[in-house]
Structures are given as structure tokens and as C-alpha cells.
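J.: Position one of the sequence shown corresponds to residue 178 (my numbering), numbered consecutively onward.
The beta-carbon is built from N, C-alpha and C at its ideal position, and this holds for glycine as well.
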Amino acid sequence: MEISALTRSVVKRNHAVISPDGYINSNVPGWTNCTVNVIINEQMGARLCQTIISLRAGGRLEGKTLASQIFFYVVEGQLEVSVSGETKTLTQNQFLYVPIGKEYLFQNPTEGTQILTFHKVYEPLEGYAVPGVFFGEKDDSKAPIYMNDEALRIQELLPNEPGFDMAVNIFTYDLGGHLPMVETHIMEHGLLYLQGQAVYMLDQEWYPVKKGDSIWMAPYCQQWATTMGKEPSVYIYYKNVNRFPTVV
Ligand code: UGY
Ligand code: MN
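1) State the beta-bridge partners of Cys211 as determined by DSSP.
2) Can you confirm whether the stretch 277 to 293 touches the stretch 245 to 262 when touching is taken to mean that 3 or more C-beta pairs between the two stretches lie within less than 8 Å?
3) Only counting runs of 3 or more residues, tell me where the beta strand (DSSP E) segments fall wholly within the stretch 267 to 296, in order along the chain.
4) Could you check how far apart the C-beta atoms of Leu371 and Tyr412 are, in whole angstroms? I think they sit under 8 Å.
5) Could you check the C-alpha separation between Val307 and Val258 for me, to the nearest Å?
6) For Asp317, does the count of other Cβ atoms within 10 angstroms reach 16, so buried, or fall short, so exposed?
7) Should the stretch 400 to 407 be regarded as contacting the stretch 351 to 365, the criterion being three or more beta carbon pairs within less than 8 Å?
8) Do the stretch 229 to 247 and the stretch 261 to 278 make contact, defined as three or more Cβ pairs closer than 8 Å?
9) Measure the C-alpha to C-alpha separation of Thr212 and Leu238 and round it to an integer number of angstroms.
10) Any chance you could list the residues with Cβ under 6 Å from a heavy atom of the ligand MN, keeping chain order?
11) State the DSSP-derived secondary structure class of Gly367, mapped to helix, strand or coil.
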């Protein structure tokens, strides 16, 4: 019998590990026939929001982006989306980036469709246009080797252009793969494990993690990870990019 008083989730000043066992649902206006779990947001001290949405038959996500852009990724299942006069079916591992000021409607999901979202307040950059709507998908053939290590591959899902102030990448660690160093950096991360198991080090604390777990890393949270188990570990992660690093 599992003991309900135990969890792998932790929430600390500059990082959090959120496993699904502690989820409590939120109601979000316009998002109906679904459960929404707000994994990361500003209440934690974060400057991004990450949610995980599970849709029932008849589920709908209807809204308009305001100051924040939203990145939607289909973790499981499929559904239809309409944005900017275009309607498409999105299936597992496909995504839609919705810039600020756009209406969107997701509907007709298969039962159990799961969507991951990343939200960030958009910071305009003089001389560069606000990005447009952007569709794409996970594609391992577009994931080059990371830092000369054959066991590590990263696919950048959004164009690496100055108009974008957020990146979303998919990081695959083959068996034996681990980060080549402890990263210490100003950029913030939110992430969701899509596959496998790993050990993550966050500010000198060690966490076993697996598919379905999320992590928040605040700026300067030290980070290192290695895959664990018998299959590659894969996560999708958010990173703020391309803006002046200080107000000073
Ligand atoms: O892009 C990154 O900073 C990435 N290598 N960090 C991470 O996976 N924790
Ligand atoms: Mn990093």
C-alpha cells in the first residue's frame, strides 16, 4: 500500500519538483470539461507559468492571449485548434505557439488528451516584429548533438530569432547521458518529463524523477541531470532568452 503522507514533490525558494500525486485542480475561465493543474506560476516567485490540462470528451479551451504569449504542446491524444482563421488537428508531440493578442479555440479532443502550456509575459524588442502564430512538432531528426556528446540531443522548437523572448526545447538523454557540467545561469526553466527516469540535481539537492514530473528552476538554481533506468530520458523545457539581462 502506498503511504499517502509521502511525496517526491518539493517546493523551495529557487526550485520545485512537482509530481502528479499532489495535483489539485484549478478552474480557468474559458477552459471547460477539463482539469487544469497549475504547476508553476508567479506565486512561487517564477516569471513563467506552466500548466497541465487533461481534457474530457467535449473539452474546450477558448480564450485570448493578453500580455502573455502561450505555448501549447500535445503530450497525449489529439484535438482541433482554430487560431487566426486557420483550423488544424494537433496530435501527440505537436504544438502551437500563440503570440500576444490572439484568440484561440481548442476543441473536439479525444478522451484523455493532455496539453502542456508555458506562458510568459512578452517583452517587445525595438526594431523586431512581435512573432506570429507558429505550429510545429517533435522531430528527432532536427535534434543535433549537444556539446559534442553523442548521448545528448536538443531540438529547439521555436525559431531562434530576436523577436522571440522564450525558447522551448526538447532534451533527450540516451542511456549514460548526463549534463556535461553543473549549469549556473540567469535563465529560468520550467520543464516536464515526457519519457523515462533521471536523477536531477537542483542547488546541490538530488531528486529521482520520471515521466509526468515537472521541475521549476529559478535563475541561478544550479542544475545537473543524468538519465536512469533502461530507456532514454526526455524532457521539454522553457527558457527565457534574447533580452537585456539587467535593469541596472
Ligand atoms: O538550455 C539549458 O540551459 C539546458 N541545458 N538546461 C537544462 O537542461 N537544465
Ligand atoms: Mn539550464
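T.: In short:
1) Taking the sequence shown and counting its residues from 1, the one referred to as residue 211 is at position 34. Beta-bridge pairing links Cys211 to Leu232.
2) The stretch 245 to 262 and the stretch 277 to 293 touch, with no fewer than 3 CB-CB distances between them shorter than 8 Å.
3) Listed in chain order, the beta strand (DSSP E) runs fully inside the stretch 267 to 296 are 271 to 275, 280 to 284, counting runs of at least 3 residues.
4) Mapped onto the sequence shown, residue 371 falls at position 194. Mapped onto the sequence shown, residue 412 falls at position 235. Taking C-beta atoms under 8 Å as the contact rule, Leu371 and Tyr412 qualify, at a distance of about 6 Å.
5) Mapped onto the sequence shown, residue 307 falls at position 130. Mapped onto the sequence shown, residue 258 falls at position 81. If you take the alpha carbons of Val307 and Val258, they lie about 21 Å apart.
6) Here residue 317 refers to the residue found at position 140 of the sequence shown. It is exposed - the Cβ of Asp317 has fewer than 16 other Cβ atoms within 10 Å.
7) Flag = yes, the stretch 400 to 407 and the stretch 351 to 365 touch.
8) Contact check between the stretch 229 to 247 and the stretch 261 to 278: three or more CB pairs, one atom from each, fall below 8 Å, which counts as touching.
9) Counting from 1 along the sequence shown, the entry for residue 212 is found at position 35. Counting from 1 along the sequence shown, the entry for residue 238 is found at position 61. Distance from the CA atom of Thr212 to the CA atom of Leu238, rounded to whole angstroms, is 11 Å.
10) Residues flagged by the Cβ proximity filter: Glu360, His362, His366, Gln400.
11) Here residue 367 is taken as the residue at index 190 of the sequence shown, counted from 1. Correct three-state label for Gly367: strand.
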